[in-house]
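Asker:
Residue numbers (the numbering used here): 12 to 246.
What follows is the structure, given as structure tokens:
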């Protein structure tokens, strides 16, 4: 029996371990053929399966909304409750552009929100409490209630990753955080110039493959996927 193991993509965000444990070809064959499997492995696989099924997201907005059109999806930004006004000023060019794009049909399709961080004994705001405060319920994103595209501005200590990932089940959520006002301003200006055609850069493709010393999956991916793919594109 071969000792070769096959590795699968996916990481358990809670533990940092593989989402699916490495298996040998013989073990995979047993699963495919419906044969009895080692009980410990079977229990583990069932747990993983239930975990994944419980996290199946619906990334699409309500029916009839084109995800590629900000005038239909809306756009919103989430700032910390005590945001530095200078950060807003630095992002003004980007905010003005997004407002212009999102409000072509409806004025309220552009929104600015605040997030309530943890204060002393009061915990940080959860996704449900955040949505409830803005009178938004569960289900697919409805731009009439809250824009589909949301940009978080702030570090994960102020606006936790947990909140972001919970919100990302229903909405398309991004985040930016920079150390200086100059970096915020540079980011905003670069996005505006790129989207309005004022900044013309030559197109190029970059291939990046992680290769962790104790992670066979990333080593295999870098060697057998990234390298051949980059060579194929060049040829």
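Each residue gets a CB set at the ideal place from its N, CA and C atoms; glycine is no exception.
1. For residue 78, I'd like the list of residues in its chain whose CB is within less than 8 angstroms of its CB, leaving aside the five on either flank, ordered along the chain.
2. Against chain D, with Cβ distances strictly below 9 angstroms, would residue 204 count as a contact?
3. If I follow the unbroken alpha helix (DSSP H) through residue 202, where does it start and stop?
4. Could you compute how far the alpha carbon of residue 240 sits from the alpha carbon of residue 130?
5. Would residue 98 and residue 192 be called neighbours here (beta carbons separated by less than 9 angstroms)?
6. What is the rounded straight-line gap between the Cα of residue 25 and the Cα of residue 222?
7. Between which two residues does the beta strand (DSSP E) carrying residue 91 extend?
8. Between the stretch 147-158 and the stretch 168-187, can you find at least three pairs of beta-carbon atoms closer than 8 angstroms?
9. Please say whether residue 144 and residue 163 have beta carbons closer to each other than 9 angstroms?
10. Would you please state the rounded distance, in angstroms, between the beta carbons of residue 17 and residue 23? I believe it to be under 8 angstroms.
11. Find the nearest neighbour of residue 188 within the set 75, 135, 176, 167, judged by alpha-carbon distance.
12. Considering only C-alpha positions, which residue in the set 124, 91, 134, 81 is nearest to residue 146?
13. Which full runs of the beta strand (DSSP E) of 3+ residues lie inside the stretch 112-144, going along the chain?
14. Using the rule of at least 16 other Cβ atoms within 10 Å of the residue's Cβ for burial, across every protein chain shown, is residue 81 buried or exposed?
Answerer: On the basis of the supplied data:
1. Closer than 8 angstroms at Cβ, skipping near neighbours: 71, 72, 84, 159, 183.
2. Checking the listed chains, one finds no chain D in this structure; it contains a single protein chain.
3. Residue 202 -> alpha helix (DSSP H) spans 192-207.
4. Answer to the nearest angstrom: the Cα atoms are 49 angstroms apart.
5. Taking 9 angstroms as the Cβ cut-off, residue 98 and residue 192 qualify as a contacting pair.
6. Whole-angstrom Cα-Cα distance: 21 angstroms.
7. Segment 86-91, the beta strand (DSSP E) holding residue 91.
8. These segments touch.
9. Contact: no.
10. With 8 angstroms as the limit, residue 17 and residue 23 do not qualify as a contact, their Cβ atoms being about 18 angstroms apart.
11. With respect to the C-alpha of residue 188, the residue from 75, 135, 176, 167 having the closest C-alpha is 167.
12. For residue 146, the nearest C-alpha among the options comes from 124.
13. List check, beta strand (DSSP E) in window: 121-126.
14. It is buried - the Cβ of residue 81 has at least 16 other Cβ atoms within 10 Å.
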